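Here the sequence shown is numbered in full-length UniProt numbering, starting from 1 and rising by one per residue.
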Amino acid sequence: MESLRVALVTGANKGIGFALVEGLAARMGPDDVVLLTGRDARRVTDAAALVAKAPGTRSRVEGRVLDVTDAGAVAEMAAELGERHGGLDIVVSNASALLTRDRPQSEQADEFIAVANGGTHAMLRSFGPVLRPGGRLVVVASSLGTLGHLDPRLHPLFDGASLDEVDKAVESWRAAVHAGTSEGLGWPRWLNVPSKVAQVAAVRAVAAQRRATDLPKGTLIAAVCPGLVDTPLSRPWFEDFSRAQSPAQAARAILDLLLSERADPAFYGELVRFGGVLPWYGGTPLNEDRSLTA
């Protein structure tokens, strides 16, 4: 009998998170467990049942309520699962909040940042310690997460920063958004850009601390870019969807990374897209409220 493997995906009620759970449940073994998590209990239950009944599902699928903005709840679940299963093999931090055009971004900043950045940091802090040797912990970000997409004045806030320093930079940015001073300080108008940079910076910060221990064991910590995905999250912000992927299509490359027998050391601590590394210093500053890349 194969040894039990455990995978967990946040923000998995729909979209790419749901597609990742579907793919993991189809490609992992019958003795493995895939945990589908989200904030809404009814949606979690319905989504987990849908995957469990799908014809291609092989693994056991369990729905668990998890609000990633509650760092205490994240820590509690990590400790519980670590004790019950002896650790996790795959952790995907995917939760995100909807950002719309019909309200000022300053009115949406707190929830958006709490989920995308506070949630990412909580997952890295709590699930990193319970990741088994050879495991995978990835954060779903985007190509907007490279440092070059920020004004050079802001680079020192994130380049080589610790996770605590990334926390402080995010809070400074959030405060500037509410004060109406963010654009004058060089922050892009579109919240998604600094949020994604901060996500990748958080991954790099944790990876810098763990690299020497993780690499010999084949453990991978990385950010991933799925490319442009046609979802309600992206629809308000991108104009050309002619090459957009469905969530299932976008999940394939990430699933290959999560389930690969050997993690490529070149991917460790980096932002990975379609099997290649996006350079941390790449990109150009984005000062508009939309972009046509993903």
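All residues carry an ideal CB built from backbone N, CA and C; glycine is no exception.
These numbers come from a predicted model, not from an experiment.
Where residue i falls, given that 16 or more other Cβ within 10 Å makes a residue buried
i	result
tyrosine 268	buried
proline 226	buried
alanine 222	buried
lysine 217	exposed
arginine 101	exposed
proline 30	exposed
glycine 56	exposed
threonine 120	buried
arginine 84	exposed
alanine 294	At alanine 294 the pLDDT is 40, less than 50, meaning the model places this residue with poor confidence; the figure from the coordinates comes in the next sentence. Label assigned to alanine 294: buried.
C-beta contact flag for residue i and residue j at 8 angstroms
i	j	result
residue 305	leucine 131	Nothing about residue 305 can be read from this structure; the chain reaches only from 1 to 294.
leucine 124	leucine 8	no
leucine 220	alanine 250	no
alanine 248	glycine 275	no
tryptophan 190	leucine 278	no
alanine 78	phenylalanine 127	yes
valine 170	leucine 271	no
leucine 154	glycine 186	yes
arginine 58	alanine 26	yes
valine 34	valine 21	yes
valine 44	leucine 50	no
proline 194	tryptophan 173	yes
Alpha carbon of residue i to alpha carbon of residue j, nearest angstrom
i	j	result
leucine 257	serine 93	14 angstroms
proline 133	valine 6	13 angstroms
glycine 103	alanine 109	Sequence inspection shows arginine at residue 103; the glycine mentioned does not correspond to that position. Near 11 angstroms, if we compare the C-alpha coordinates of alanine 109 and arginine 103.
residue 303	alanine 212	Coverage of the chain is limited to positions 1 through 294, which leaves residue 303 absent and any answer about it impossible.
aspartate 46	leucine 144	32 angstroms
alanine 202	valine 166	6 angstroms
alanine 48	glutamate 62	6 angstroms
alanine 19	proline 129	26 angstroms
leucine 81	alanine 75	10 angstroms
valine 140	serine 96	9 angstroms
tryptophan 280	aspartate 40	35 angstroms
asparagine 117	lysine 53	33 angstroms
alanine 175	alanine 198	15 angstroms
glycine 15	glutamate 261	26 angstroms
glycine 17	threonine 10	7 angstroms
leucine 137	glycine 86	16 angstroms
leucine 228	lysine 196	14 angstroms
leucine 164	arginine 210	The sequence given here has aspartate at residue 164, not leucine. Their Cα atoms are separated by approximately 15 angstroms.
glycine 38	serine 142	21 angstroms
residue 324	arginine 273	The structure shown has nothing for residue 324, since the chain only spans 1 to 294.
leucine 150	leucine 259	33 angstroms
Spatial neighbours of residue i in its chain, beta-carbon cut-off 6 angstroms, leaving aside the 5 residues before and after
i	result
leucine 255	Gly23
alanine 71	Ala122
glycine 135	Asp89, Thr219
Neighbourhood of residue i by C-beta, 7 angstroms cutoff - its chain only, sequence neighbours within 5 removed
i	result
glutamate 183	Arg189
threonine 265	Residue identity differs from the one stated: residue 265 is proline in this sequence, not threonine. Within the same chain, proline 265 has close Cβ partners Leu215.
arginine 42	none
glycine 282	Thr146, Gly148
alanine 207	Ile221, Tyr268, Gly269
methionine 28	Arg5, Ala7, Val34, Arg58, Ser59
valine 115	Val68, Thr69, Ala95, Ser96, Ala97
serine 162	Ala205
lysine 168	none
serine 246	Asp230
Within-8 angstroms CB hit, residue i to chain D
i	result
proline 129	Going by chain labels, chain D is absent from the structure shown, which holds only one protein chain.
Neighbourhood of residue i by C-beta distance below 8 angstroms, restricted to the same chain and skipping five residues each side
i	result
threonine 284	Gly148, His149
(message) Whether or not the region 157-171 and the region 65-76 are in contact is what I'm after, with contact meaning three or more pairs of Cβ atoms, one per stretch, closer than 8 angstroms; do they touch?
(response) These segments do not touch.
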